[in-house]
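**Q** For reference, the structure I am asking about is given below.
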Amino acid sequence: GALAEALRAALAERAGPREAPDCRALIERLARLSDDGDQQSIAAIVPFLRQWPEGPAACLALKQLRANLHRWAVAEVVRLLEQGDDEWGKSGRTSPLSGESQAEAPQQGREEFLELLCGFLETVPEEGRGDAIAELTAVLGRAQSRCVRESVLRCLARLCRCGHGEREALPVANAPVVVAELPAHLRQESTLTFDPERYSLRQEVVKLLDSAGPNVGFGQFDAQAEHLEQFHAKESVFSSFRYEKRWRQCVLQAEDFLAVYERLVQEVVCPHLKAKLGSSQTTASFFYQFPPTLRLQPGPSTRSRRVHRDAEYGHQVGEVNFWMPLTDYSKTRTTLWAESRPDAGDFHPLEVDYGSIAMFHGTLCRHSVPPNTTSCTRVSLDFRIGVDAFFDPAWTLRGVDHTHGRRTCVV
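Under the numbering used here, the residues of the sequence shown are numbered 728 to 1138, in order.
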C-alpha cells in the first residue's frame, strides 16, 4: 500500500514535464503492486498514454489493471482522444519511430499517440462496448480536427464487431457454380470517373425527392433550397426497415433516374470492368444490380451503419461493389469506410466526390458508415456487378429474405 502510494506520487510529479526522466519502470512496478481496477493507480497511469516512451507501457499497464472494464477510465481515454492535438503538444518526449523531438515531427507523433489510444479502446470487452461506442459517437459530433475524427472512426469500426457490428456470416450450404474465383486484381480498391453532365444522376435524384419526399413522407426541400444536401430527410428513412422498403419502391418507379443509371453502367462501368479482365476474351457478360440502392442519411444524427461484409446477405465472391456519393463530401463530412482486404482492419474513408465511383470487394471486405453529424443530408448510390463466369446468376443463399434484381450487359 505505502509503496504503491509512493509510486503514484512519483508519477504525478513526472507526468508532462519535458525534463522528467523515463517513467516506464515506475508504471510497470505500480501495475504489479496494484489490484485490478484500482482507480488511483489507473488515474496515475492514464496521463502517460500521451507521452513517449511511456505510452506503450502505460497502455499495457492499464490493460493489466483491467481499466477497460471501468466506464470512467474508458471515458478518460476518450477525453484524451478528443483532445489529442492539444494533449500531445503538452509533452516534449520523443517519438518511438522517428527518434526526433515532437517539435520536429509533430504530425507523426500525434498520429502515434492517437493510434495508441485507439488500441486501448479496442480492448474494451463486449459488455462495455455499447458505452464506449456512445462516448466515441458523441466525440465525433464535436471534433473539428480531421486527425481526431479519423481516429474516432477507426475506433468505432474496430469496436463494431460481432454483437455491436459484424454478425456471424450465414452458413453456405449451396455454393455458386463458377469457373474460378474472381481474380485478385478485380478485388482491389480503385476509382473510376464519369461525366456528371452526361449522366445527371444528381439532378434526377433532386426531382425524385422533390416529388416522393412530401408525397410519401420521407421529408422535403425548403422553398429556397437549391442543393441536394438541403433536403430535410426524416431519420426513419435511414433507420426504419418499413421506410426503407417504401423508399426502394419509389426508386423502382423513378424511370428517368433508372434510365440514367443504366446508361452509366452500360457505357462506363461495365466497359471499365471488361478492360480490367484483359483482352483474352472478345466478349464478357456482366450482371448488374437493378434497381441500384439509393441511400439517404440525414443529420445531425448518432445513427450509423454497422460494420458488415456483403457475404452475410447472400452476395457472391464473383461480384464487385461500386459506391458513389451524390452529395458534396465537404458538406456532409460523411462517407463509406472500408478495409483494404478481408479482415485487414485498416478501415479508411473512401474519399470520392460526385463524378467519381469507388470500386471495392465488399463481399469479403468489411465496411460501414459512421454517423452524419452535420446538418446536411448525405445521399449516395451503390450497386454490385457480377463478373462474367466468376458469377453464378442462378444462385441464391438459402435463408436470405431479400435479394437484388439483376440485368445483363454484354461487352
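Backbone N, C-alpha and C fix where the C-beta goes; we use that ideal spot for every residue, glycine too. Everything numeric in this text was worked out from a predicted model, so none of it was measured.
(1) Taking 8 Å as the cut-off, does the region 1119–1137 touch the region 1080–1095 (at least 3 CB pairs, one atom from each stretch)?
(2) Given a cut-off of 8 Å on the beta-carbon distance, is the pair histidine 1088 and arginine 876 in contact?
(3) Within the same chain, show all residues whose beta-carbon is closer than 7 Å to that of tyrosine 1040, passing over the 5 residues directly before and after it, in chain order.
(4) Cα separation between glutamine 930 and valine 905?
(5) Mind checking who alanine 1038 pairs with in its DSSP beta bridge?
(6) Work out the CA separation of proline 1097 and leucine 909 for me, nearest whole Å.
(7) Buried or exposed, going by whether 16 or more other CB atoms sit within 10 Å of the CB of lysine 1001?
(8) Would you say threonine 1101 and proline 1019 are within 8 Å of each other, going by their C-beta atoms?
(9) Going by DSSP, what residue range makes up the alpha helix (DSSP H) through tryptophan 799?
(10) Please classify proline 852 as buried or exposed, where buried requires at least 16 other C-beta atoms within 10 Å of its C-beta.
(11) What span of residues does the alpha helix (DSSP H) with glutamine 767 cover, start to end?
(12) Applying the 10 Å Cβ sphere with the 16-neighbour rule, what's the burial state of arginine 1125?
(13) Mind checking who cysteine 1136 pairs with in its DSSP beta bridge?
(14) Could you give the distance in angstroms between the alpha-carbon of serine 1031 and the alpha-carbon of alanine 729?
(15) What residues are listed by DSSP as bridge partners for asparagine 1099?
(16) Name the DSSP beta bridge partners of arginine 1105, please?
(17) Quick one: give me the first and last residue of the alpha helix (DSSP H) that tryptophan 974 is part of.
(18) Distance check for alanine 952 and asparagine 795, CA to CA, integer angstroms please.
(19) Give me the Cα-Cα distance between arginine 1033 and leucine 807, rounded to the nearest whole angstrom.
(20) Does the Cβ-Cβ distance between leucine 928 and leucine 1023 come in under 8 Å?
(21) DSSP on threonine 1054, reduced to helix/strand/coil?
(22) Do you know whose CA, among Ala1121, Trp799, Ala731 and Pro748, lies nearest valine 773's CA?
(23) So, aspartate 749 versus proline 783, is the Cβ gap smaller than 8 Å?
**A** Taking the geometry as given:
(1) With a cut-off of 8 Å, the region 1119–1137 and the region 1080–1095 do not count as touching, because too few Cβ pairs lie within range.
(2) no
(3) Answer for tyrosine 1040: Val1127, listed in chain order.
(4) 39 Å
(5) Answer is none; alanine 1038 lacks a bridge partner.
(6) 29 Å
(7) buried
(8) Against a cut-off of 8 Å, the Cβ pair of proline 1019 and threonine 1101 comes out as no contact.
(9) Where tryptophan 799 is concerned, the enclosing alpha helix (DSSP H) stretches over 798–809.
(10) exposed
(11) 766–772
(12) Exposed: under 16 other Cβ atoms inside 10 Å.
(13) Phe1013
(14) The C-alpha of serine 1031 lies about 48 Å from the C-alpha of alanine 729.
(15) Its beta-bridge partners do not exist; DSSP assigns none.
(16) Gln1024
(17) 968–979
(18) Approximately 47 Å between the Cα atoms of the pair.
(19) Between the C-alpha atoms of arginine 1033 and leucine 807 there is a straight-line separation of about 25 Å.
(20) Contact annotation: leucine 928 and leucine 1023 have beta-carbon atoms that are not nearer than 8 Å.
(21) In this structure, threonine 1054 counts as coil in the three-state DSSP scheme.
(22) Trp799
(23) For the 8 Å CB-CB criterion, aspartate 749 and proline 783 do not form a contact.
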